[in-house]
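Beneath this line is the structure, given in C-alpha cells, with notes to follow.
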Amino acid sequence: MANSVSSPNKHEHLYKILVIGELGTGKTSIIKRYVHQFFSQNYRATIGVDFALKVLNWDMNTLIRLQLWDIAGQERFGNMTRVYYKEAVGAFIVFDANRSATFDAVVRWKTDLDTKVSLPDGSKIPCVLLANKVCIEDFEFLKSKLFFLRLEHSICGTTIFC
Numbered sequence: 077m078a079n080s081v082s083s084p085n086k087h088e089h090l091y092k093i094l095v096i097g098e099l100g101t102g103k104t105s106i107i108k109r110y111v112h113q114f115f116s117q118n119y120r121a122t123i124g125v126d127f128a129l130k131v132l133n134w135d136m137n138t139l140i141r142l143q144l145w146d147i148a149g150q151e152r153f154g155n156m157t158r159v160y161y162k163e164a165v166g167a168f169i170v171f172d173a174n175r176s177a178t179f180d181a182v183v184r185w186k187t188d189l190d191t192k193v194s195l196p197d198g199s200k201i202p203c204v205l206l207a208n209k210v211c212i213e214d215f216e217f218l219k220s221k222l223f224f225l226r227l228e229h230s231i232c233g234t235t236i237f238c
C-alpha cells in the first residue's frame, strides 16, 4: 500500500511494511520501541496481526506514514498471510540470534513472502533481515552468516539489535 496524497504544500505517503518471523523473536518489541520509544519484557504472543503507525516528517514538504504490520509468528503456516501481505511495499524478517531455529526459518519466511506478494511491476518487495537479541561475542560470526544469506536470497539489508 503505497498511497500518495498531495495538498498545496505537503505531500503525504502511506507505506505498508510487514514485520514477519518466527514466534518469540521480538517483532512486537522492535515495533513498540521504534514507534513509541517504549520497551517492555512482558509481551504476549501476537494473535493474527497487529498494527502500528509511525509518522515521519521527511522534510518540510513530505509526510511519511509507515503502517507496520506485526504478523504473528505462527501465521506462515496459515492461508491468512496472503491477505495480510497484500499491498505491502517492504518487509522486515526478524530472527532471534540466540535461537538457531529462528535463523533457519528466515529462508522459509522469505520464500513465503516472495510467493504471496510483489510490487505493482511484478518485482519482489524489498526485504531487510533484522537480527534481534544479539550478544557481542557472537557478532562477527553472525555478520558473516548474514552476508552469505543476503547474497543467496536477495535480501536488501541487515540490521542487528542487542
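Numbering (our numbering), first residue to last: 77 to 238.
Backbone N, C-alpha and C fix where the C-beta goes; we use that ideal spot for every residue, glycine too.
None of the values given here were measured: they were computed from a predicted structure.
Strictly by DSSP, which residues pair up with Lys92?
Under DSSP, Lys92 takes part in a beta bridge, and its partners are Gln143.
Between the beta-carbon of Phe179 and the beta-carbon of Asp172, is there less than 9 Å?
Phe179 places its beta carbon less than 9 Å from that of Asp172.
What first and last residue would you give for the alpha helix (DSSP H) that runs through Leu189?
Val182 to Lys192 is the span of the alpha helix (DSSP H), which, as asked, contains Leu189.
In its own chain, which residues sit with a C-beta less than 6 Å from the C-beta of Gln150, not counting the 5 before and 5 after it?
So the list reads Leu99, once near-sequence residues are dropped.
By DSSP's criteria, Cys203 is part of a beta bridge. Which residues make up the other side?
DSSP links Cys203 through a beta bridge to Ala167.
Pick from Gly198, Val204, Ile123 and Asn208 that is closest to Arg109, judged by C-alpha positions
Of the candidates Gly198, Val204, Ile123 and Asn208, the one whose C-alpha sits nearest the C-alpha of Arg109 is Asn208.
Based on the DSSP secondary-structure assignment, which residues constitute the bridge partners of Gly97?
As a beta-bridge residue in DSSP terms, Gly97 pairs with Val170.
If you check the beta carbons only, do Cys232 and Val210 fall under 9 Å apart?
Contact flag unset, no.
C-beta atoms of Asp188 and Ile96 nearer than 9 Å:
Yes.
Helix, strand or coil for Val159 per DSSP?
Correct three-state label for Val159: helix.
If we ignore side chains and look at the alpha-carbon of each, how far apart do Ile147 and Glu163 end up?
If you draw a straight line from the Cα of Ile147 to the Cα of Glu163, it is about 14 Å long.
Which two residues bound the contiguous alpha helix (DSSP H) that contains Lys103?
Run containing Lys103: Lys103 to His112, per the alpha helix (DSSP H) assignment.
Report yes if the C-beta distance between Lys192 and Ser230 is below 9 Å; otherwise report no.
Contact: no.
Integer-rounded CB distance, given that Asn79 should sit under 8 Å from Leu94:
Rounded to the nearest angstrom, the Cβ distance from Leu94 to Asn79 is 16 Å, too far for a contact under 8 Å.
When the Cα atoms are used, what is the spatial distance from Ala181 to Thr104?
Straight-line Cα distance between these residues: approximately 18 Å.
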